[in-house]
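A.B. asks: Protein chains in written order, with the working numbering: chain A, 90 to 509; chain B, 266 to 528.
Glycine included, every Cβ here is placed at the ideal spot set by N, Cα and C.
Bear in mind the structure is a predicted one, so any value in this text is a computation, not a measurement.
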Amino acid sequence: MHAAAVWIPIVALAMGFEAFCYVELVHRPARTLPKVVWALIIIAQVPLGGICYLVLGRGEADGHDGLQHAVPTRPSHTAGNAGAIGLAPRDAADATRGDRQSDDPVLRTRGLTRVYRDGVGLHDVDVCVPARGVYGLVGPNGAGKTTLLSILAGVRRPDAGRIELATGRTRVMLCPDAPAFEPWLTATETVEFFRTVDARGASATDRAERRLATVDALWHVGLADARDRRVGGFSRGMTQRLGLAVALTSGADVLLFDEPTSALDPQGRSEVLDLINHLGHDRAVVLSSHILADVERVADTVGMLRDGRLVYEGPMRDLLDGNVRPSWRIHLRSGAEALAGTLRDLDWVTAVAPDANGLRVDTTSRYAGETLLPAQIAASGAELVAFNPVGADLEAVFLALLGDGASAATRTTVQPGVAR
Amino acid sequence: MTAQPAAETSAGIGRWRLEWLRLMRTRRWIALVVVFGLVGFGDPLLTRYLGALLTGASNTSYIHITVTKPQPSDGMISYFSNISTVGTLVVVVVAGLAFAVRATPPLAVLYLTHIPSRAALLAPRLATVSVAALAACGLGSAAATYETSILLGTPAPGATAAGAVVACLGTLFAVVVTFAATAFVASQVAAIAVALVAVLVIAPLSGLIPGLANIGPAAFLNLPAVLQNAAWTTDDWWATAITIGLIALLVGVGFQRARRWEL
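Right, here's the structure in full:
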């Protein structure tokens with residue numbers, strides 16, 4: 090009688106724990122060591138082996154959690170608009186970017202400085218982020234983009250300078266380039282948590298509306314099918330999409346995105362940029378990216394950082410228009426080589442380069458290109474198919490502003506916009 | 266086909282529920298229960314048969330081991346002694362994993378920018394881990410009392426209850442030391458190592474400091490075992506008060522330090 094009372098609890102506890110550890114080992118991926126090694130450790134040292142496995146070796150299963158649901162399509166209650174998560178209607182999104190931009194800044198810095206031990210960091214940076222619109226932050230690696238975003242988000246302190254916010258500190262959200270979430274929460278729970286974490290005292294109606302918005306957000310970022318899966322099994326791209334879903338539902342007035350498309354395929358990138366574009370209609374979005382085409386596609390305002398200093402800040406359109414070189418793309422059916430030889434000897438031509446179907450010609454002035462160049466083409470006897478001016482793109486301007494060969498003087502003469 | 270609203274499938278998640286889920290879904294509660302449970306059930310058993318084991322192990326003609334008949338207090342002393350090491354180890358690991366917010370900076374960014382204050386972020390973690398550790402310690406004490414009663418006789422109720430309460434406070438001390446360590450050290454492993462050194466090495470060594478030998482944390486951590494054969498003294502009150510003061514101080518330091526966190 091005594092023997093049973095003594096041994097039964099111990100044996101039951103130990104065997105139950107061992108059985109639990111082995112069930113977990115079979116159904117989940119193992120970390121740190123191979124499964125067979127963990128199996129030996131678990132049985133060799135009861136219970137510490139099992140505890141070591143649970144703490145160090147148990148991976149997150151890439152499976153569904155709880156009830157399975159029908160594969161969701163777009164939620165019917167928001168079809169046609171995205172109001173439930175604060176997105177502007179599609180029609181408004183297609184409006185010109187300049188129309189949405191607000192003159193009132195929601196965030197402004199004055200003399201922001203943060204210097205690290207090796208001298209890099211931020212130096213006397215003054216940025217002004219409009220209350221609505223997308224602000225593109227570009228610069229080479231180490232220029233200080235992430236430091237600036239971290240300071241703006243309040244997770245790093247400046248050595249000097251100040252930040253003027255026209256909204257509450259908790260209304261500023263930073264979405265890092267490789268977001269991470271609790272691996273044991275589902276996608277829905279993750280979005281739900283960050284959506285409601287600072288909404289104390291919400292009514293039952295409010296809570297229900299928030300949950301609907303969670304479904305919307307997951308649908309918008311393409312995670313509707315994975316909404317009940319635990320985040321631990323997500324790929325990097327899926328995690329990045331989940332970060333966007335959190336941003337969509339956060340209700341923040343200022344969204345800071347650090348390389349939000351770095352882990353996405355081209356289609357995913359396009360979708361995410363569309364989302365960011367939408368978000369910019371009713372709040373401030375700061376987009377830091379090294380993919381200049383992305384920034385050019387969605388940004389209304391651009392800020393360029395180099396070596397921790399803001400070398401340019403101004404409207405994207407002004408930057409591009411102000412830096413259009415007098416350059417022309419000539420599509421020729423024949424006679425390209427002869428024409429190139431002729432043009433290279435002319436003093437109003439600064440560069441001639443072969444292009445896909447003809448030549449690209451830079452001239453000293455727009456007037457020379459529009460009047461003298463067509464006459465020269467006609468005189469050369471070349472068969473002309475098309476003659477188009479070449480617009481400036483952000484990459485070209487970026488290289489001109491920040492390229493290694495560019496002098497400081499060159500960088501500070503960029504007009505229009507605010508050159509620093 | 267339309268989506269089934271998530272409202273029907275998931276409850277809202279707040280900061281407290283998040284910590285509850287952390288404890289449950291990461292299965293860390295099992296580590297606490299198993300260690301304290303096995304020590305609680307196992308140590309009185311080992312005490313009961315220690316004499317037989319030693320006699321069997323020294324089966325020679327020139328070594329004779331004489332073991333006195335174990336008393337109920339011996340079973341409880343064995344339990345309280347072991348949980349002050351093995352139990353502390355597990356509690357510190359579980360606490361370190363929960364408190365080290367900055368160990369994953371991308372996740373920490375989301376927490377720090379969404380939750381209104383650092384205290385609001387950390388208080389549920391501290392409370393949840395503390396309650397879980399106290400529950401495990403209480404469960405282990407109950408198991409040890411049960412097993413001791415069957416094998417060795419009923420232990421003194423007053424000494425057992427006092428030992429269990431003091432052991433729970435000792436467990437809480439380990440939790441808050443870990444809390445303070447994570448406030449200063451970002452890495453999970455480093456914070457756990459610092460906390461273990463503080464609780465298992467520095468706290469016992471503090472007993473060597475003249476004047477602190479009987480009233481410091483070292484005396485307090487030994488108190489559950491000592492109380493099984495000795496009455497409560499004035500020095501024990503001092504040791505308890507000082508340790509409770511240290512717990513409050515460490516909690517305050519941890520929260521204060523967290524306000525200055527950077528990522």
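For B:A296, which residues in chain D fall below 8 Å Cβ to Cβ?
C.D. replies: No chain D is present in this structure, whose protein chains are A and B.
A.B. asks: By a C-beta neighbour count over all protein chains shown, 10 Å radius and 16 as the cutoff for buried, is B:L470 buried or exposed?
C.D. replies: Looking at its Cβ environment, which holds fewer than 16 other Cβ atoms inside 10 Å, B:L470 is exposed.
A.B. asks: Give the interface partners of A:F283 over in chain B, defined as CB-CB distance under 7 Å, in chain order.
C.D. replies: Correct list: L375, H379.
A.B. asks: Drop a sphere of 10 angstroms on the beta-carbon of A:R316, count the other beta-carbons inside from all chains shown, and report buried for 16 or more, exposed for fewer.
C.D. replies: By the neighbour-count rule (16 or more Cβ atoms within 10 Å), A:R316 is buried.
A.B. asks: Give the interface partners of B:V356 over in chain A, defined as CB-CB distance under 7 Å, in chain order.
C.D. replies: Correct list: empty, because the minimum Cβ distance to chain A is about 12 Å.
A.B. asks: Across the stretch 433 to 441 of chain A and the stretch 466 to 483 of chain A, are there enough close Cβ pairs to call them in contact, namely three or more that are closer than 8 Å?
C.D. replies: With the cut-off at 8 Å, the stretch 433 to 441 of chain A and the stretch 466 to 483 of chain A do not touch.
A.B. asks: Which complete alpha helix (DSSP H) runs does the stretch 437 to 482 of chain B hold, if anything under 4 residues is left out?
C.D. replies: Complete alpha helix (DSSP H) runs here, min 4: 453 to 462.
A.B. asks: For B:G277, does the count of other Cβ atoms within 10 angstroms reach 16, so buried, or fall short, so exposed?
C.D. replies: Under this definition B:G277 is a buried residue.
A.B. asks: Should A:E281 go down as buried or exposed, given a rule of 16 or more other Cβ atoms within 10 Å for buried?
C.D. replies: Flag for A:E281 reads buried.
A.B. asks: Is DSSP giving A:I316 helix, strand or coil here?
C.D. replies: One point to set straight first is that residue 316 of chain A is Arg, not Ile, in the sequence displayed. Note: A:R316 maps to coil in three-state DSSP.
A.B. asks: Contact check, A:L344 vs A:V374 under 8 Å by CB: the rounded distance?
C.D. replies: Right, the Cβ-Cβ distance comes to about 5 Å (below 8 Å), so this counts as a contact.
A.B. asks: Assuming the contact rule is C-beta atoms closer than 8 Å, A:L483 and A:D347 should be a hit. Round their C-beta distance to whole Å, please.
C.D. replies: Rounded, the Cβ-Cβ distance is 18 Å, inconsistent with contact.
A.B. asks: Determine whether the Cβ of A:L394 lies closer than 9 Å to any Cβ atom of chain B.
C.D. replies: So no, A:L394 is outside the interface.
A.B. asks: Beta-carbon of B:G418 versus every beta-carbon of chain A: anything under 9 Å?
C.D. replies: Judged by the 9 Å Cβ criterion, B:G418 is not in contact with chain A.
A.B. asks: Spell out whether any CB of chain B is found under 9 Å from the CB atom of A:A274.
C.D. replies: Here the sequence assigns Leu to residue 274 of chain A, which means Ala is not the residue at that position. Yes, contact with chain B.
A.B. asks: If you count every other CB in all the chains shown that lies within 10 Å of the CB of B:E412, and 16 or more means buried, which is it?
C.D. replies: When all chains shown are included, B:E412 counts as buried.
A.B. asks: Taking the CB atoms as reference points, tell me whether B:F364 and B:F306 lie closer together than 9 Å.
C.D. replies: Contact flag unset, no.
A.B. asks: Go to A:L137, then tell me how far its alpha helix (DSSP H) extends in each direction, as first and last residue.
C.D. replies: Counting along the chain, the alpha helix (DSSP H) containing A:L137 begins and ends at 137 to 141.
A.B. asks: Assuming B:N347 is part of the alpha helix (DSSP H), what are its boundary residues?
C.D. replies: 337 to 347 is the extent of the alpha helix (DSSP H) around B:N347.
A.B. asks: Just the C-alpha distance for A:N477 and A:G200, rounded to the nearest angstrom, thanks.
C.D. replies: The alpha-carbon atoms of A:N477 and A:G200 are separated by roughly 43 Å.
A.B. asks: Within 10 Å of its beta-carbon, does A:A334 have 16 or more other beta-carbons around it, so buried, or fewer, so exposed?
C.D. replies: Under this definition A:A334 is a buried residue.
A.B. asks: For A:F346, report the span of its beta strand (DSSP E) as first-last.
C.D. replies: From DSSP, the beta strand (DSSP E) with A:F346 extends over 343 to 347.
A.B. asks: Have a look at the DSSP bridge pairing and note the partners of A:V374.
C.D. replies: Bridge partners of A:V374: A:V223, A:L344.
A.B. asks: Classify B:L289: buried if its beta carbon has 16 or more other beta carbons within 10 angstroms, exposed otherwise.
C.D. replies: The question names Leu, yet the displayed sequence has Met at residue 289 of chain B. So B:M289 counts as exposed.
A.B. asks: Quick check on the burial criterion: 16 or more other C-beta atoms within 10 angstroms. Buried or exposed for B:L318?
C.D. replies: Classification for B:L318: exposed.
A.B. asks: Looking at B:L528 and B:F438, is the spacing between their C-beta atoms short of 9 Å?
C.D. replies: Not a contact, by the Cβ cut-off of 9 Å.
A.B. asks: Just to confirm my understanding: we take A:D354, look at its own chain, exclude 5 residues before and 5 after, and list those with CB closer than 8 Å. What are they?
C.D. replies: G326.
A.B. asks: Within this structure, are the beta carbons of B:V464 and B:A456 separated by less than 9 Å?
C.D. replies: The answer is no: Cβ separation not under 9 Å.
A.B. asks: Less than 7 Å between C-beta atoms, sequence neighbours within five positions excluded: which residues of the same chain meet that for A:L462?
C.D. replies: Contacts found: W417, V450, T452.
A.B. asks: Relative to the C-alpha of B:T369, which candidate in B:D500, B:P482, B:V454 has its C-alpha closest?
C.D. replies: Out of B:D500, B:P482, B:V454, B:V454 has the C-alpha closest to the C-alpha of B:T369.
A.B. asks: Just to check my reading of the structure: A:G148 and A:L122 have Cβ atoms closer than 8 Å, yes? What is that Cβ distance to the nearest angstrom?
C.D. replies: The Cβ separation is near 11 Å, so there is no contact.
A.B. asks: Can you tell me whether DSSP reads A:Y401 as helix, strand or coil?
C.D. replies: A:Y401: strand per DSSP, three-state reduction.
A.B. asks: Measuring CA to CA, which of A:R433, A:L421, A:A341, A:A457 is closest to A:A445?
C.D. replies: When each option's Cα is compared against that of A:A445, the closest is A:L421.
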